[in-house]
Structures are given as C-alpha cells and as structure tokens.
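Asks: Take this structure first; my questions come after.
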Amino acid sequence: MIHGKKILITGGTGQVARPVAEALAAGNEVWCLGRFADRDARKALAELGIRTHVWDMGDDAPLDDLPRDFTHVLHSAVHRGDGTDFDDTVRINTTGTARLMRHCAGAEAFLYVSSGVVYNRADRTHRYRETDPLGGQAPWLPTYPIAKISTEGLVRGLAAALGLPTTIARLNVAYGPHGHGGLPMILFRRMAGGLPCAVPREGQNLCNLLHTDDVVRQTPLLWDVASVPATVVNWGGDEEVGITDLLRHMGALTGIEPKLDPGDLSRETAVFDHTRRLELIGRCEVGWRAGVARTLAHHAPDLVRQAPDPAAQDPGPDLHASDLVQEHR
Numbered sequence: 001m002i003h004g005k006k007i008l009i010t011g012g013t014g015q016v017a018r019p020v021a022e023a024l025a026a027g028n029e030v031w032c033l034g035r036f037a038d039r040d041a042r043k044a045l046a047e048l049g050i051r052t053h054v055w056d057m058g059d060d061a062p063l064d065d066l067p068r069d070f071t072h073v074l075h076s077a078v079h080r081g082d083g084t085d086f087d088d089t090v091r092i093n094t095t096g097t098a099r100l101m102r103h104c105a106g107a108e109a110f111l112y113v114s115s116g117v118v119y120n121r122a123d124r125t126h127r128y129r130e131t132d133p134l135g136g137q138a139p140w141l142p143t144y145p146i147a148k149i150s151t152e153g154l155v156r157g158l159a160a161a162l163g164l165p166t167t168i169a170r171l172n173v174a175y176g177p178h179g180h181g182g183l184p185m186i187l188f189r190r191m192a193g194g195l196p197c198a199v200p201r202e203g204q205n206l207c208n209l210l211h212t213d214d215v216v217r218q219t220p221l222l223w224d225v226a227s228v229p230a231t232v233v234n235w236g237g238d239e240e241v242g243i244t245d246l247l248r249h250m251g252a253l254t255g256i257e258p259k260l261d262p263g264d265l266s267r268e269t270a271v272f273d274h275t276r277r278l279e280l281i282g283r284c285e286v287g288w289r290a291g292v293a294r295t296l297a298h299h300a301p302d303l304v305r306q307a308p309d310p311a312a313q314d315p316g317p318d319l320h321a322s323d324l325v326q327e328h329r
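Be aware that the sequence shown starts at 1, since it is given in full-length UniProt numbering, and climbs by one per residue.
If you want it as structure tokens, here you go:
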C-alpha cells in the first residue's frame with residue numbers, strides 16, 4: 001500500500017473505485033470525482049477524510065477549480081450508454097478522459113479501468129490475451145464495448161503524447177461486499193425473487209471473479225507498472241468460474257435453488273489468460289467460493305445458512321494450478 005501521495009479517483013461511489021478510495025484514505029490525500037447522486041455515499045466518503053468534487057464526464061466544463069498536483073490517478077468512471085446512443089457514448093467517454101489526462105499530465109501514474117468486453121469474444125472457452133483481436137459485442141448493452149474500446153485508444157494516444165505513465169487494466173468481474181455486490185449479487189437477487197437466470201444452451205459462460213479485497217491490494221501495483229507507451233493488462237481473478245457453478249454455489253449457501261433458463265440471452269462473459277498479469281503484479285489472494293460466501297453474508301445475512309470464516313481462502317477446483325506455475329516461470 002502507498003502512503004503520502006495525492007490521489008485522484010473517478011467513479012468514487014462505484015463497485016471498484018469506492019473500496020480503493022476508502023482503503024487509501026488512511027495514509028494519503030484522496031480526492032473523488034463523480035456525479036454524487038447518492039448523497040449518503042458522498043457523506044460517507046467525506047467522513048473518512050476524502051475530498052469530493054462534483055464532475056460529470058458529459059459536461060463541457062473544465063477542471064480548472066481542481067488541483068493539478070495529483071501523484072496518482074484511478075479513472076474508473078464510465079458512461080455506458082443506453083444501448084443506442086453510440087455517438088454520445090464515444091464523445092462523453094473520450095472527451096471526459098482527455099480532459100482528465102491533460103489536467104493530470106504531471107502525475108506519476110495514471111490507471112484506466114477498461115473491461116474484458118473489448119475482446120472479440122467468439123469462443124466462450126478461449127482464454128483471452130492482451131494481444132487478441134478487439135471488437136467486442138454486448139447484446140445486453142451494445143454501447144458498452146464501444147465506450148471502452150474508444151477510450152482505450154484515447155488513453156494510449158495521450159499517454160504517449162503527454163509522456164504520462166499509464167496502465168490500462170481490462171477488468172473481468174469485480175464483486176464483493178461494497179456497492180451492490182457485483183454480478184454474483186445481481187444473479188442472487190434474481191434467485192431470491194424466484195426469477196430464472198439465463199445460461200447458455202450448452203456449456204457455461206466463464207469468467208474470472210475478482211474480489212474487491214484484491215482490487216484494493218492490486219491497484220497500487222498497477223500504478224507501479226505504469227509506463228509510456230501504456231501498459232495493457234488483463235485484470236481478473238486467478239480462477240475460471242462458470243456462471244452456472246456460481247449459481248449453484250450460492251444455492252448451496254442459502255438453500256435457494258436457482259432456476260436455470262438455457263437459451264440465447266445469457267449475459268456473455270470472458271475468461272482471461274493470466275500470464276501478463278502474473279508477471280507484472282502476481283497472484284490474487286481471495287478464492288471465489290470463500291469470497292462469494294463473504295459477499296452473501298454481507299448483503300443477505302438472513303438468507304445465508306452459516307456465516308463463512310472471513311479468513312477462509314478456498315482456491316476451488318476451477319483453479320488451473322499447473323497453468324499458474326507454468327506462467328510464473
């Protein structure tokens with residue numbers, strides 16, 4: 001963990017950025033930018049000594065009233081679009097990010113949180129590498145991939161033009177006790193409401209669940225590897241997790257049987273190749289089974305049969321240990 005730095009974080013009330021802001025506030029001067037529609041969240045940040053500043057990427061207002069001497073930047077804010085506004089989605093994300101990078105051009109490190117949605121995911125079993133073809137599609141929100149792909153291009157270009165050491169981290173599925181809990185809790189709320197959960201007709205959608213404890217621990221490590229040209233790295237958990245397995249695990253923890261709905265409308269995910277991330281920042285620490293149990297215990301304590309051991313670290317059978325050993329060599 002870093003200390004004595006001046007840190008700027010966008011999307012400070014979100015699933016990824018908020019736990020990072022809260023953790024770093026103890027030993028650093030932390031500022032959070034966001035729209036802060038949730039006044040309680042803004043108040044909670046302020047109570048930790050975090051300075052908040054209202055900022056909407058869609059506004060054309062400059063950041064002149066914001067300090068420029070930030071040492072580290074975590075840019076997690078995103079305009080996902082409504083599924084149809086492609087032009088606005090590109091404009092808002094790229095213009096807002098450009099203003100932010102220019103304003104913080106003197107920083108030691110800039111971290112942009114992208115997504116695995118950028119990949120051209122034609123094979124759900126393929127382990128995507130950072131050099132694989134881009135061109136992702138998301139039927140559930142078609143504007144989201146273009147938001148990330150266009151902004152990645154902008155970030156690469158400005159990192160080089162400004163000489164700003166940068167990391168682009170392609171996030172897989174973040175989850176944990178913070179915020180709404182991430183994809184596991186989205187699915188569990190459907191389960192608890194008796195609603196069906198969409199799954200593929202054959203096989204499973206695979207992902208790399210990343211607990212927010214690992215997000216917090218690895219963020220400073222991603223700043224450490226920032227470079228010009230920008231470092232690009234996949235950011236997900238070590239384990240390959242099938243969404244159907246996730247649903248059944250949550251069912252076992254709560255006694256709520258998931259209703260599986262095989263078809264063509266499941267929310268497609270991606271599974272990463274870990275090689276580059278292992279080389280740069282090492283392994284994760286929270287196993288997905290233990291992490292999901294802890295997340296459920298926080299968000300739905302009345303529905304969990306038995307509170308999990310917070311210290312439990314269960315790597316689970318889905319961890320490809322031989323691959324991790326080989327990739328570390």
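Beta carbons: idealized from backbone N, C-alpha and C, even for Gly.
Please read these numbers as outputs of a predicted model, since none were measured by experiment.
Between the C-alpha atoms of D87 and Y144, what's the straight-line distance to the nearest angstrom?
Replies: Between D87 and Y144, the C-alpha separation is close to 12 Å.
Asks: If you compare alpha carbons, which of S115, T219, L162 and T269 is closest to I9?
Replies: Comparing Cα-Cα distances from I9 to each of S115, T219, L162 and T269, the minimum goes to T219.
Asks: How many Å lie between H3 and A192 at the Cα?
Replies: Distance between the alpha carbons of H3 and A192: 42 Å.
Asks: Excluding sequence positions up to five away, which residues of its chain have a Cβ less than 6 Å from the Cβ of V173?
Replies: Here the set comprises L183, C207 and L209.
Asks: If you follow the alpha helix (DSSP H) that K6 is in, where does it begin and where does it stop?
Replies: No alpha helix (DSSP H) holds K6; the beta strand (DSSP E) holding it covers K6 to T10.
Asks: Helix, strand or coil, according to DSSP, for G116 in the structure here?
Replies: Helix at G116.
Asks: Our contact map puts V113 next to N93 with C-beta atoms below 8 Å; I'd like the distance itself, whole angstroms only.
Replies: No, V113 and N93 are not in contact; Cβ-Cβ is about 12 Å, not under 8 Å.
Asks: At what residues does the beta strand (DSSP E) containing V73 begin and finish?
Replies: Per DSSP, V73 belongs to the beta strand (DSSP E) from H72 to H75.
Asks: Residue range of the beta strand (DSSP E) that L33 falls in?
Replies: Here the beta strand (DSSP E) through L33 covers E29 to G34.
Asks: Might you give, ordered along the chain, the residues of its own chain that have their beta carbon closer than 7 Å to the beta carbon of S115, omitting 5 neighbours on each side?
Replies: The answer, listed in chain order, is K148, R170 and L171.
Asks: Going by DSSP, what residue range makes up the alpha helix (DSSP H) through G291?
Replies: Segment W288 to H299, the alpha helix (DSSP H) holding G291.
Asks: Residue range of the beta strand (DSSP E) that L209 falls in?
Replies: From DSSP, the beta strand (DSSP E) with L209 extends over L209 to H211.
Asks: Within a Cβ cutoff of 6 Å, which residues of the same chain sit near R129, ignoring the five residues on either side of it in sequence?
Replies: Cβ within range, chain order: D273.
Asks: Check each candidate in L141, T166 and P142 and name the one with the smallest Cα separation from G153.
Replies: Considering only alpha carbons, the answer is T166.
Asks: Along the beta strand (DSSP E) that carries N234, what are the first and last residues, could you check?
Replies: Unbroken beta strand (DSSP E) run through N234: T231 to W235.
Asks: At the level of alpha carbons, what is the spacing between P229 and S266?
Replies: Between P229 and S266, the C-alpha separation is close to 36 Å.
Asks: Measuring straight from C-alpha to C-alpha, what distance separates V54 and L33?
Replies: Computed Cα separation, rounded: 6 Å.
Asks: Please classify D59: does DSSP put it in a helix, a strand, or coil?
Replies: Coil at D59, not helix or strand.
Asks: I50 lies in the alpha helix (DSSP H); which residues open and close that run?
Replies: Where I50 is concerned, there is no enclosing alpha helix (DSSP H), given that its DSSP letter is neither H nor E.
Asks: Enumerate in chain order the residues of its own chain whose CB-to-CB distance from Y175 is below 8 Å, with the five nearest sequence positions on each side excluded.
Replies: Q15, G181, G182, L183, P184, M185, L209, L210, H211, T212, G291, V292 and T295.
Asks: Determine, using beta carbons only, whether L141 and G83 come nearer to each other than 8 Å.
Replies: Yes, the pair counts as a contact, with Cβ atoms nearer than the cut-off.
Asks: Can you look up V20 in the DSSP assignment and give me helix, strand or coil?
Replies: Helix at V20.
Asks: By how many angstroms is the C-alpha of N205 removed from the C-alpha of E240?
Replies: If I take the Cα positions, the gap works out to 10 Å.
Asks: Do G179 and R18 count as a contact pair if the criterion is CB distance below 8 Å?
Replies: The answer is yes: Cβ separation under 8 Å.
Asks: Buried or exposed for T131, going by 16 or more other Cβ atoms inside 10 Å?
Replies: With fewer than 16 Cβ atoms within 10 Å of its Cβ, T131 is classed as exposed.
Asks: Which residues in the same chain have their Cβ closer than 6 Å to the Cβ of P200, if we skip the five residues on either side of it in sequence?
Replies: Cβ within range, chain order: S266.
Asks: Which class does P145 belong to by DSSP, given the choice of helix, strand or coil?
Replies: DSSP places P145 in helix when its eight states are reduced to three.
Asks: Excluding the 5 residues preceding and the 5 following P308 in the sequence, name in chain order all residues of the same chain whose CB lies nearer than 7 Å to its CB.
Replies: Unreliable positioning characterises P308 in this predicted model, as indicated by a pLDDT of 49, which lies under 50. The coordinate reading is nonetheless provided below. A290, A293, R294 and A297, listed in sequence order.
Asks: Could you have a look at L195 and say whether DSSP puts it in helix, strand or coil?
Replies: In the structure shown, L195 sits in coil (DSSP, three-state: anything other than H, G, I, E or B).
Asks: Could you check if S227 is buried or exposed, using at least 16 other CB atoms within 10 Å of its CB as the buried criterion?
Replies: With fewer than 16 Cβ atoms within 10 Å of its Cβ, S227 is classed as exposed.
Asks: Would G236 be called buried (16 or more neighbouring beta carbons within 10 Å of its own) or exposed?
Replies: So G236 ends up on the buried side.
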